[in-house]
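Working notes, structure below.
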Amino acid sequence: MAAKASPKTSRKEPVAPAAARSKRKLAAAAPAEPPPKPLTLEERSAKLEERLLAAGPEFQKAYRDSLDMSWIYHDSALEGSVYTGQELKAAIEDAAPIVTDSSIQPICEEIRRHREALDYIRDYASKKRQPITIDVVKKLYLILHPEEGDIKTVKYRKDIPQHRLYFHEYAPPDKITYKVRQVLDWTNDPETRRTRSAVRIAARAHYDLLRVFPFASDSGKVARLFMNLLLLRNGYPPAIVHSTERQRYYEALKSSSAIMTQIVHEAIENNLGSVEKLLEMHESKGYTVRI
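Numbering that gives the first Met the number 0 puts the sequence shown at residues 0 to 290.
Below, the structure written as structure tokens:
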């Protein structure tokens, strides 16, 4: 008699403990990591400073020359003065030949004085303990116009210009001293610094100063230099308002300071973005700034 075949035993997978199954379910259901928080303007600026320092002196020099040319070009264009690349290079580049053309010598001198003002605000911004006073505003004007005397003798404008670049309402001449002092007092007020960001303070101080229009000429340049001094002191890059924004900039002066603050914020963002792209090219390809 044939023996019965033993029945096949079915294999069962080992059952994981309930606790392990629960952990797997929890792991599967875990939410994705949130995207990293965007860097603030201050953080982006600080990182750029580190990268610029690591880029080496040759790149830094070329970058600074390129930045200053762009800064002077756009800032002057807001005032209606458009410089050519040749004029900017002749005035700024160390290796540029001596200017012999008498027709552009005054232009080169204007550009050099403007650059001297940029160097002044960088230096003053680095001295954190130095007070921000009316004399700083006057000094900026005197760098641009050394023929106007000195801090003690420089004069505010004495009339309302008939042919003027800006069309907002200017302060009456007899109110200029008082209104300039108001701007400085507000800028230095601890309550102002406690309740407003550095960008808002700088933009508003520039807006108020330009609406006063303290000097017969170049009050716009002085106001923007003053604004950028405040920004640099607080760890921001300069706000270089592009020449294509000229009409919008003028309109903002006739409306609210909030619109001007937005323009300044965008100018800082654009500056940061440009430098970040330039550094990425330099770091990845050994790119050198071309002027």
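Each residue gets a CB set at the ideal place from its N, CA and C atoms; glycine is no exception. Quick caveat, the model's predicted, so the values are computed rather than measured.
Pairwise C-alpha distance: residue j and residue i
i	j	result
Leu-208	Gly-234	22 Å
Ile-240	Arg-203	The sequence shown places Val at residue 240, rather than the Ile named in the question. Distance between the alpha carbons of Val-240 and Arg-203 is about 15 Å.
Lys-276	Lys-60	17 Å
Asn-188	Leu-229	Note on residue identity: the sequence assigns Asp, not Asn, to residue 188. Rounded to the nearest angstrom, the two C-alpha atoms are 14 Å apart.
Ala-222	Ala-31	48 Å
Leu-278	Asp-158	48 Å
Arg-194	Thr-83	The question names Arg, but residue 194 in the sequence shown is Thr. Cα to Cα, the separation comes out at about 42 Å.
Asp-134	Arg-180	11 Å
Pro-172	Lys-178	10 Å
Leu-25	Tyr-72	Reliability fails at Leu-25, whose pLDDT of 46 lies under 50, so the model's placement of it is uncertain and no value is given.
Glu-282	Tyr-206	38 Å
Ile-258	Tyr-62	30 Å
Glu-86	Asp-217	20 Å
Glu-115	Arg-121	10 Å
Thr-186	Arg-192	8 Å
Ser-101	Lys-36	55 Å
Asp-265	Asp-74	The sequence as given places Glu at residue 265; Asp does not occur at that position. Going by the C-alpha atoms only, they are around 15 Å apart.
Pro-145	Ser-69	23 Å
Pro-56	Leu-38	27 Å
Tyr-248	Thr-152	32 Å
Ala-54	Ile-175	46 Å
Pro-160	Arg-245	20 Å
Lys-284	Arg-43	22 Å
Tyr-123	Phe-58	24 Å
Lys-126	Ser-256	28 Å
Ile-113	Asn-269	Residue identity check: residue 113 is His in the sequence provided, not Ile. Answer to the nearest angstrom: the Cα atoms are 22 Å apart.
Within 9 Å, strictly: CB atoms of residue i and residue j
i	j	result
Asn-291	Pro-213	This structure does not reach residue 291, given that the chain is present from 0 up to 290, and the question cannot be answered.
Leu-40	Ile-267	yes
Arg-199	Thr-260	yes
Leu-291	Gly-148	Since the first and last residues shown for the chain are 0 and 290, residue 291 lies out of range.
Asp-64	Ile-91	yes
Glu-168	Arg-111	no
Gly-219	Tyr-155	no
Leu-52	Val-274	no
Element boundaries [alpha helix (DSSP H), containing residue i]
i	result
His-205	197-211
Arg-128	Neither: Arg-128 is in no alpha helix (DSSP H) and is coded neither H nor E.
Asp-64	56-77
Tyr-177	175-187
Glu-262	Note on identity: in this sequence residue 262 is Ile, with Glu being the wrong assignment. Where Ile-262 is concerned, the enclosing alpha helix (DSSP H) stretches over 256-284.
Lys-253	245-253
Asp-134	133-143
Lys-88	84-91
Phe-225	218-232
Lys-46	40-53
Proximity test, residue i beta-carbon vs the ligand PLP heavy atom, cut-off 8 Å
i	result
Leu-87	For the ligand PLP, the structure offers nothing, since it holds no ligand at all.
Presumed contact (8 Å Cβ cut-off) between residue i and residue j, rounded CB distance
i	j	result
Leu-271	Leu-47	7 Å
Ala-201	Val-263	7 Å
Phe-225	Val-136	6 Å
Leu-183	Ile-131	7 Å
Leu-143	Asp-67	Not a contact, Cβ separation roughly 15 Å.
Cβ of residue i within 9 Å of any chain D Cβ
i	result
Val-136	The question asks about chain D, but that chain is absent: this structure has only one protein chain.
Quiz prompt | the segment 252-269 in contact with the segment 100-111 per 3-pair CB rule at 8 Å | solution = no
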